[in-house]
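Let me begin by presenting the structure, written as structure tokens, before commenting on it.
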Amino acid sequence: MAEYLRKYRKKAPRRQWWRAAVVAILLLTGAVWGAQIWLGRKIESVMSGELAKRGLQFQHGLKTWDPWRGLHLRDVAIHYADGAPMLEIENVAVSFPLGQFIGRGEKISHWRISEAKVMLSDAEGGVWLQDVSLQVDARPGELDVISFEGRKDGLNVAVKGKVRTRQAAESGVVQPFRLSLKALRGTLTALKVKADTGPFKVTGDFAVDASKPEVPWSANLHGAGGKLEWQELAVQSAQADAVLTQDESKITADLTLGHGAGSFTLSRKDWQEAPFVFSGTLKDQSGRSDAFNGTYVAATKRLAIEHFKGPADLWALAQDFPAVAAKLPDQVSFETFPEIELKKVVREGGENNAHWVIGSATMDGQAKLGVKDHQLVVSRISGGAEFDGNTWLLEEVQAKIFGGDVTVSGRYAHPQLTKSRVNAEALKLSELKRWTDGEAASSKGLLSIDYRGNINLAEQDLEGQGSMKLDNAPVFDAPLLEQTYDLFDAIFPGLQRSKTGEFQADFTAHSGKIDVTRFEARGGTLTVSAKGQIDLSTKRVEGTARGKLTGVKGVVTSPLSRLLEMNVGGPFDDIRVKPLGPVKLASNAANGTVGAATSTLKEGGKVVGTVIVEGAKLPFRLFGEKGRKDDDGDKSGEESGR
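Shown next, in the form of structure tokens:
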């Protein structure tokens with residue numbers, strides 16, 4: 022019994038100790054938990070109070086706390102006193118060394134954001150940033166940005182820096198805070214990279230002195246990336262350096278494109294109203310270079326190219342601009358791109374509502390314009406133009422074509438040229454024949470055309486009116502002259518022909534038809550007048566003509582003039598010129614008054630052969646149709662090959 026009591030007395034105090042330990046642990050846990058709650062509320066109160074001093078309101082969603090990671094807030098929002106948003110963050114973690122709450126330790130707070138969406142707002146609106154991660158140590162008067170990483174579409178940024186802040190002791194009263202994002206917007210505009218391309222990675226450091234009213238700041242940045250679309254430009258690789266301050270910015274960049282390369286400098290004197298000023302060079306794959314300079318206004322998206330000049334292959338380089346490449350006509354090609362000079366080229370509006378104005382453009386070289394199965398060689402282009410994204414407004418655009426000068430004004434939306442004025446002077450008929458027939462020709466004739474109206478280049482259809490004339494051409498190149506000579510020669514064998522001819526004509530075009538309202542051709546002693554219609558859909562010609570032969574010597578009765586009425590008609594490949602009805606020649610043999618017939622002579626006895634019966638063949642070269650040699654051996658086949 023005594024032994025049992027002795028053992029019991031030894032065990033009892035031990036049990037009481039464990040009970041006391043458990044109670045102590047529970048009390049300590051409660052105290053720590055209470056301290057955590059108090060600290061969380063204290064931190065939140067401090068944050069709200071400091072922001073309130075600056076005229077800002079603080080809100081958040083879910084809140085959690087632990088002594089190791091600090092205070093965690095979800096869906097944080099900071100607003101101005103009037104309710105306008107300033108900052109929205111998906112998550113924020115804040116921790117403080119515990120010693121500073123009991124009067125010891127450095128006054129510091131640690132701020133963390135992890136892969137969050139962040140929206141910054143000012144009076145101009147909001148700017149969203151994606152995948153933002155941030156580590157900041159905040160001390161009185163200073164923010165140490167240990168790291169900032171974020172993304173805006175295809176632009177990735179990883180920078181560090183320091184921000185000096187104004188303390189109450191320095192200023193006496195803390196002033197309300199207003200955020201301005203002009204610099205951020207300007208930087209994002211200059212470094213705009215399309216989403217799902219790149220990325221273009223920017224690294225560097227910055228410094229901000231917010232303790233001063235003017236808030237001076239600076240940044241030194243370096244960027245690099247590849248396979249990206251920057252400012253609507255397809256870039257294989259890019260490198261850029263930027264020196265930025267509150268007063269100005271300067272960016273230099275080197276780009277490798279799919280069809281060449283580019284280097285440029287982009288600068289801006291302020292972040293308010295001043296435009297970006299740029300200059301640089303473009304090189305094609307052959308190393309030929311163009312120089313350019315101009316301005317860009319981000320707010321209105323107004324691009325102005327003051328001067329652009331050089332021989333680089335812009336047709337190939339344009340393939341790297343998706344928006345431009347989609348609008349290039351398939352009918353145009355270049356063996357060697359010409360040297361081009363542009364002045365005062367302005368684009369108003371963005372990608373979807375762009376309006377282009379070209380002050381002047383000149384080209385020293387040749388371009389090839391495809392028209393159906395033919396290629397039209399064009400050189401020495403100059404003039405002005407506007408483009409609204411769909412239609413070109415051409416103003417006195419001049420070019421060398423077929424050895425002559427062509428001037429075009431009007432509205433062009435492929436394949437239609439509307440409200441146009443087309444003037445062609447001294448086109449070489451030999452080159453025009455070579456283009457239409459594909460055969461060499463030696464004619465010295467010069468063709469001029471003046472036309473006003475609409476032209477469908479795809480269908481080669483006209484809707485308008487105009488005039489044509491041909492000078493200094495061999496007789497067989499002037500329509501109707503050679504054929505009318507053939508008819509008169511059948512009546513008066515041995516008739517001497519003129520070596521040169523000319524013609525003038527007025528016409529109107531509508532619904533696939535060309536009405537020739539006036540036609541006058543001359544060749545020595547022969548004059549031919551005509552009128553008729555050309556049907557482009559059925560490929561037929563129908564009309565009437567009158568041939569007047571004057572000053573004929575050495576024939577029976579020696580008349581001073583003779584008139585012959587003729588029909589002109591048939592399909593393009595078999596147009597015939599022949600007398601109307603029985604052959605009758607009106608003769609003026611009295612006093613030389615031309616045009617007043619005084620007698621009628623029937624000369625049927627002299628009319629022999631197939632020329633009078635079947636008519637002389639009229640080739641129709643200008644519409645791409647060649648004459649053919651008839652089975653009876655008339656001259657049409659020979660003349661079609663001249």
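If you read the sequence shown in this note's numbering, its first letter stands for residue 22, the second for the next number, and so on.
Positions of the beta carbon are idealized from the N, C-alpha and C atoms, including for glycine.
- With contacts defined by Cβ atoms closer than 8 Å, L557 and R597 do not form a contacting pair.
- Under the DSSP assignment, V345 falls outside any beta strand (DSSP E), being part of the alpha helix (DSSP H) whose first and last residues are 343-346.
- The beta carbons of R289 and S270 sit about 5 Å from each other, so the pair counts as a contact at 8 Å.
- Measuring C-alpha to C-alpha distances from M140 to each of S464, G175, I99 identifies I99 as the nearest.
- Take V97, set aside five residues on each side of it, and the residues of its chain with a beta-carbon closer than 6 Å to its own are H81, I110, V113, in chain order.
- DSSP, read as helix, strand or coil, puts I110 in strand.
- Membership of I633 in the alpha helix (DSSP H) is indicated by the continuous run 631-635.
- A Cβ-Cβ contact shorter than 8 Å links A434 with N411.
- In the structure shown, A211 falls within a helical segment according to DSSP collapsed to helix, strand and coil.
- Take the alpha-carbon of S232 and the one of S69: they are about 21 Å apart.
- Per DSSP, reduced to three states, the secondary structure at A204 is helical.
- Three or more pairs of CB atoms, one per stretch, sit closer than 8 Å, so the segment 143-157 contacts the segment 165-172.
- Boundaries cannot be given for L349, as no alpha helix (DSSP H) includes it and DSSP labels it neither H nor E.
- Rounded to the nearest whole angstrom, the C-alpha separation of G636 and A526 is 23 Å.
- Taking the C-beta atoms as reference points, G487 is found nearer than 8 Å to Y472.
- Positions of the alpha helix (DSSP H) runs, each at least 4 residues long and wholly inside the segment 427-478, are given as 450-458 in order along the chain.
- By the CB criterion at 8 Å, V184 and L164 fall inside the cutoff.
- Approximately 3 Å separates the beta-carbon atoms of G466 and A494; this is inside 8 Å, confirming the contact.
- Between the alpha carbons of T631 and G602 lies a gap of roughly 15 Å.
- Here E503 carries a helix assignment [DSSP, helix/strand/coil].
- Q340 sits in a helix when the DSSP states are folded into three classes.
- Here E417 is actually not in contact with S400; their C-beta atoms are around 17 Å apart, not less than 8 Å.
- With a threshold of 16 other beta carbon atoms within 10 Å, S135 falls short and is exposed.
- In the DSSP assignment, D527 falls within the beta strand (DSSP E) that extends over 521-531.
- Taking a C-beta distance under 8 Å as the contact criterion, L363 and F342 do not qualify as a contact pair.
- Spanning the alpha carbons of K490 and R539 requires a straight line of approximately 11 Å.
- The three-state secondary structure of K322, taken from DSSP, is coil.
- Here A566 is buried, its C-beta having at least 16 other C-beta atoms within 10 Å.
- Secondary-structure assignment with DSSP links E369 through a beta bridge to H376.
- In this structure, T521 sits near G544, with a CB-CB distance shorter than 8 Å.
- Straight-line measurement puts the Cα of A447 at about 36 Å from the Cα of R368.
- Separation of T559 and W456 (C-alpha to C-alpha, rounded to the nearest whole angstrom) is 23 Å.
- Contact between D305 and L338 is confirmed by a C-beta separation of about 6 Å, below the 8 Å threshold.
- In the three-state scheme derived from DSSP, where H, G and I count as helix and E and B as strand, V115 is classed as strand.
- Sorting T357, W336, G244 by C-alpha distance to the C-alpha of K348 places W336 at the top.
- Approximately 19 Å separates the beta-carbon atoms of G281 and T218; this is outside 8 Å, ruling out the contact.
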